[in-house]
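Engineer: I'd like to ask you about the structure that follows.
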Amino acid sequence: MPVGGGATAADVPDLRLAGLAVAAWLAALAGLHSTARASVTLAAVAAGLALPTGAHLCGVIGRPAAPVRRYGWIAVAVLLGVVCGATATAARLAVRDAAPVRALVSERTLVTADLVVRDDPRPIRGAAGRPATLLVSADLTRLTDPAGRQVTGTVRGLVLASDPAWRTLLPGQRVTAKGRLSAPRGGNLTAAVLSVTGPPTRHGPAPWPQRAAGVLRAGLQRACAPLPDAPGGLLPGLVVGDTSRLPPEVEEDFRATGMTHLNAVSGSNVAIVVGAVLLLARWARAGPRTAAALCVLALVGFVILVRPSPSVVRAAAMGAIGLAALATGRTRAALPALAAAVTVLVLVDPELAGDPGFALSVCATGGLLLLAPGWRDGLRRRGVPPGLAEALAVPAAAQLACGPVIAGISGTVSLVAVPANLLAVPVVAPATVLGVLAAVLSPIWPAGAEFAAWLASWPARWLVTVAAQGARLPAGTLPWPGGGTGALLLAAVSVALLVAVRRPVLRRLVAVVVVAVVLGALPVRLLAAGWPPPGWVIVACAVGQGDAVVLPVAAGRAVVVDAGPDPSGVDGCLRRLGVREVSLLVVSHFHADHVGGVAGVFRGRRVAAVATPQWSEPPYGAAQVRAAAHEGGTPLAPVRAGWRWRAGAVELAAIGPPYPLRGSRSDPNNNSLVLAATVRGVRILLPGDAETEEQRALLETVPAAAVRADVLKVAHHDLQKGYQPHSDRGRRRQDQDCQRWKLSIGPYGVGDLPRRLRQNRCHRARSGTLGAASGAGSIPRARRLAAPVARSTDV
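The numbering of the sequence shown is the numbering used here, which starts it at 1 and goes up by one.
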């Protein structure tokens with residue numbers, strides 16, 4: 001460091017290849033959203049500009065001025081990057097859009113496909129009550145139609161499979177399957193989507209690296225089996241990205257605190273494992289070549305352990321860059337190595353240009369190379385100990401670099417991400433190294449593997465605690481525009497801040513503004529009503545398809561009506577509401593979108609009683625509720641019309657079904673428990689999924705006052721025919737609708753219900769909205785009601 005703090009030539013980052021890499025990346029990204037012809041045209045234009053520019057710089061065409069000579073080659077590198085990226089993408093698009101494959105896709109042909117699995121099958125959430133769908137990335141090598149005509153050649157495809165046999169496939173495995181082709185969404189290199197219902201026909205075993213990875217991963221799971229659920233499920237995620245045993249509440253906490261990247265194999269995993277080997281090699285006084293050879297062996301072994309899929313190879317390339325520069329003592333070469341790696345990876349697989357994981361890996365690595373060293377040195381010059389300076393600079397640099405990408409994906413900016421990751425940094429490395437040791441020992445010494453996993457569980461417990469506490473902090477995340485606009489906006493703000501803090505006057509101004517904003521906004525966020533607002537009377541949880549309604553009994557206690565399709569949805573909703581005890585769980589009917597999440601209601605909380613309808617169909621839903629109640633030691637009782645219940649601020653009365661309804665379009669729906677609830681003077685009507693038949697039966701048999709309420713939870717069936725709030729008899733006028741229901745909450749957008757509510761000046765609430773109404777009159781008076789409502793669809 002020269003006197004006065006000036007930068008030497010060695011301190012200046014080498015950005016000569018950065019323009020080439022960025023240009024290739026953007027050209028490939030543009031090509032993915034266009035056609036092969038457009039990409040070829042772009043490459044031709046860039047080449048036409050690059051050739052005369054290069055000739056001018058070489059003195060063949062004129063004599064360039066000094067500024068042109070200085071910066072002209074950067075422009076040439078950018079143009080060459082455009083040529084390379086556009087050309088590589090055009091070649092892959094030509095294969096994707098080949099006429100024979102496109103003809104089969106456009107006709108939605110039933111084909112027999114020979115394919116090679118590219119990545120691990122991933123479950124995706126499907127419709128409630130139906131088997132989980134598996135998403136399998138594959139290379140389609142041959143397609144045969146019913147007439148025996150064949151299309152050969154490798155094109156990229158996606159397989160949507162429901163048979164459980166697909167779950168056990170490994171990358172590199174060759175199989176045959178019969179299914180129907182359909183068009184992909186676009187924006188990538190996928191040529192076709194193959195929907196299959198049967199099992200695959202396997203052709204030989206998977207390659208030996210994949211089989212070896214399977215043995216080690218299974219051994220790690222066995223070593224973690226004796227551990228508690230949270231650390232035992234987290235440890236495989238930290239080591240190999242396997243989150244199959246990770247509890248949903250832990251996953252949600254990690255997402256809220258910006259720590260989700262720890263559960264995916266990234267460059268940091270590679271850096272930790274290979275870095276540990278490098279430290280051991282240096283401790284043993286190994287030379288640079290020996291150390292580099294050991295690092296390569298460790299890198300290959302780790303890639304085999306986590307399965308050499310394209311995403312893992314990408315992470316290995318990103319993570320090895322910094323270590324390679326460190327091992328050779330040429331840290332300044334790390335940035336050109338990063339640019340070269342980005343260029344090569346994009347040219348080999350242009351689809352990476354649109355992969356958010358690739359963008360996060362590149363941004364994180366770039367932040368560590370460009371920002372972290374300067375911040376670390378600046379902190380050390382101000383008296384911060386070296387270890388603490390490193391710990392502060394690394395997560396801050398990575399978060400700032402990745403922030404725009406994360407904001408574009410999630411539409412939020414996390415304020416707790418940097419502190420949470422700062423607290424996580426000291427324990428990630430030991431947990432990862434001990435987890436890898438447990439996986440390696442598992443085939444030859446199971447007891448030793450369990451001991452290593454037990455040691456690794458303590459750092460994992462700390463991570464679980466940090467995520468849980470960070471997720472509960474008020475004002476932890478702020479809303480932000482999503483998509484490309486939000487990403488570019490946050491990137492511009494970040495660059496402006498980086499430029500501003502380099503000047504003392506602007507640095508002080510930025511500090512004053514930040515302190516003023518924090519002091520002004522944070523108390524408002526802390527003191528203002530958060531979620532739920534005070535005095536709330538009903539919450540309709542956003543659980544996707546289906547219903548889960550919460551009524552407050554007292555502090556920490558509530559009544560839950562239905563449980564939605566997935567345990568994590570209703571569990572997360574109850575956790576955010578602070579519900580520790582469920583005084584009563586009411587099941588309106590046994591369809592999967594109302595009982596599939598019943599285990600989430602019991603998760604970590606006491607359920608005092610369960611009330612169900614008399615109609616016990618479909619049987620799988622009824623059995624699911626009975627099993628959950630039995631496991632929780634909770635009494636279960638079928639109830640009928642006339643049943644009443646009261647506790648705290650909640651009164652419930654069952655007003656339907658008035659009698660069993662058989663032979664309707666959906667007997668379970670038309671035998672739904674219809675509840676009239678009163679919470680703090682607000683009357684709420686909860687009709688389950690009552691369709692037209694049960695609605696008419698109610699209006700014909702019960703007094704009009706029984707169905708009069710301030711709030712109606714709209715049943716999501718029969719909306720296409722129009723909701724039937726009254727009988728067909730003419731004794732009630734349509735303009736009296738809002739005299740019954742001052743506010744309705746439900747899945748608007750289907751049928752004529754929204755129009756009828758608007759015509760009669762009813763207030764409506766949808767997902768993410770707040771509001772309620774009470775009293776008579778044409779425009780109801782707003783009252784305290786929290787009603788975030790998810791869109792529902794039929795079973």
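By construction, the Cβ of each residue, glycine as well, lies at the ideal position given by its N, Cα and C atoms. Since we're looking at a predicted model, the values are computed, not measured.
Can you name the start and end residues of the beta strand (DSSP E) that residue 654 belongs to?
Structural biologist: 650-656
Engineer: Determine the DSSP secondary structure at residue 272, reduced to helix, strand or coil.
Structural biologist: Judged by DSSP in its simplified three-state form, residue 272 adopts helix.
Engineer: Just list the alpha helix (DSSP H) runs in the segment 126-180, keeping only unbroken ones of 4 residues or longer that don't cross its boundaries, in chain order.
Structural biologist: Whole alpha helix (DSSP H) segments, 4+ residues: zero.
Engineer: If the criterion is Cβ atoms closer than 8 Å, does the pair residue 85 and residue 36 meet it?
Structural biologist: Remark: C-beta atoms of residue 85 and residue 36 do not approach each other more closely than 8 Å.
Engineer: Following the continuous alpha helix (DSSP H) through residue 471, name the residue where it begins and the one where it ends.
Structural biologist: 446-471
Engineer: Assuming the contact rule is C-beta atoms closer than 8 Å, residue 19 and residue 77 should be a hit. Round their C-beta distance to whole Å, please.
Structural biologist: Correct: roughly 5 Å between the Cβ atoms.
Engineer: Where in the segment 180-242 do unbroken runs of the beta strand (DSSP E), each at least 3 residues long, occur, reported from the N-terminal end onward?
Structural biologist: 190-196
Engineer: Closer than 8 Å, CB to CB, is residue 592 near chain C or not?
Structural biologist: As a matter of chain content, chain C is missing from the structure shown, which is built from one protein chain.
Engineer: With residue 663 and residue 674 assumed to form a contact (beta carbons below 8 Å), what rounded beta-carbon distance in angstroms separates them?
Structural biologist: Going by Cβ atoms, the distance from residue 663 to residue 674 rounds to 19 Å, so no, they are not a contact pair.
Engineer: So residue 251 is in the alpha helix (DSSP H); what residue range does that whole segment cover?
Structural biologist: 248-256
Engineer: From the DSSP output, in three-state form, read off residue 813 for me.
Structural biologist: There is no way to answer for residue 813, as the model of the chain reaches only from 1 to 795.
Engineer: For the segment 453-471 against the segment 218-231, do three or more pairs of beta-carbon atoms, one drawn from each stretch, fall closer than 8 Å, so that the two count as touching?
Structural biologist: Output reads yes: the segment 218-231 touches the segment 453-471.
Engineer: Look at the alpha carbon of residue 725 and the alpha carbon of residue 184, and state the distance between them as a whole number of angstroms.
Structural biologist: Reliability of the predicted coordinates at residue 725 is poor, the pLDDT of 43 falling under 50, and no value is obtained from them.
Engineer: When the Cβ atoms of the segment 422-429 are set against those of the segment 445-453, are three or more pairs found closer than 8 Å?
Structural biologist: no
Engineer: Mark residue 152 as exposed unless 16 or more other C-beta atoms lie within 10 angstroms of its C-beta, in which case mark it buried.
Structural biologist: With a 10 Å radius around the Cβ and a threshold of 16 neighbouring Cβ atoms, residue 152 comes out exposed.
Engineer: Quick check on residue 316: does DSSP put it in helix, strand or coil?
Structural biologist: helix
Engineer: Pull up the distance between the alpha-carbon of residue 352 and that of residue 240, whole angstroms please.
Structural biologist: 21 Å
Engineer: Between residue 622 and the rest of its own chain, which residues show a CB-CB distance below 6 Å, the 5 nearest in sequence each way excluded?
Structural biologist: 590 and 616
Engineer: Contact between the segment 197-214 and the segment 164-171: three or more CB pairs below 8 Å?
Structural biologist: yes
Engineer: Taking residue 114 as part of the beta strand (DSSP E), name the residues at either end of that continuous run.
Structural biologist: 110-117
Engineer: Is residue 583 near residue 629, with beta carbons less than 8 Å apart?
Structural biologist: no
Engineer: Any contact between the segment 210-217 and the segment 178-192? By contact I mean 3 or more CB pairs, one from each, below 8 Å.
Structural biologist: no
Engineer: When you compare the CB positions of residue 316 and residue 296, do they come within less than 8 Å of one another, or not?
Structural biologist: Cβ distance not < 8 Å, so residue 316 and residue 296 don't count as in contact.
Engineer: Just to confirm, is the Cβ distance from residue 155 to residue 140 under 8 Å?
Structural biologist: yes
Engineer: Tell me, to the nearest whole angstrom, how far the beta carbon of residue 541 is from that of residue 586; I am working on the premise that it is less than 8 Å.
Structural biologist: The Cβ separation is near 14 Å, so there is no contact.
Engineer: By Cβ distance below 6 Å, which residues in the same chain neighbour residue 396 in space, the five residues on each side in sequence not counted?
Structural biologist: These residues qualify, in order along the chain: 418.
Engineer: In the DSSP assignment, find the unbroken alpha helix (DSSP H) run with residue 694 in it and report its ends.
Structural biologist: 692-701
Engineer: On the premise that residue 558 lies in contact with residue 543, defined as a C-beta separation below 8 Å, what is that separation, rounded to the nearest angstrom?
Structural biologist: Their Cβ separation, rounded to whole angstroms, is 15 Å, which puts residue 543 and residue 558 out of contact at 8 Å.
Engineer: Give a yes or no on whether the C-beta atoms belonging to residue 87 and residue 43 are separated by under 8 Å.
Structural biologist: yes
Engineer: Could you tell me whether the segment 360-371 touches the segment 395-415, where touching means 3 or more Cβ pairs closer than 8 Å?
Structural biologist: The segment 360-371 vs the segment 395-415: in contact.
Engineer: Does DSSP put residue 41 in a helix, a strand or coil?
Structural biologist: The DSSP-derived three-state label of residue 41 is helix.
Engineer: Quick check on residue 157: buried or exposed, where buried means 16 or more other Cβ atoms within 10 Å of its Cβ?
Structural biologist: Around the beta carbon of residue 157, 16 or more other beta carbons lie within 10 angstroms, which makes this residue buried.
Engineer: Spatial neighbours of residue 825 within its chain, please: CB distance less than 7 Å, with the 5 preceding and 5 following residues excluded, ordered by chain position.
Structural biologist: Nothing about residue 825 can be reported from this structure: the residues present for the chain run from 1 to 795 only.
Engineer: Can you tell me whether residue 236 is buried or exposed? The criterion is at least 16 other CB atoms within 10 Å of its CB, across all chains shown.
Structural biologist: buried
Engineer: Compute the Euclidean distance between the alpha carbons of residue 261 and residue 150, then round it to the nearest angstrom.
Structural biologist: 43 Å
Engineer: Nearest by alpha-carbon distance to residue 290: which of 278, 300, 491 and 631 is it?
Structural biologist: 278
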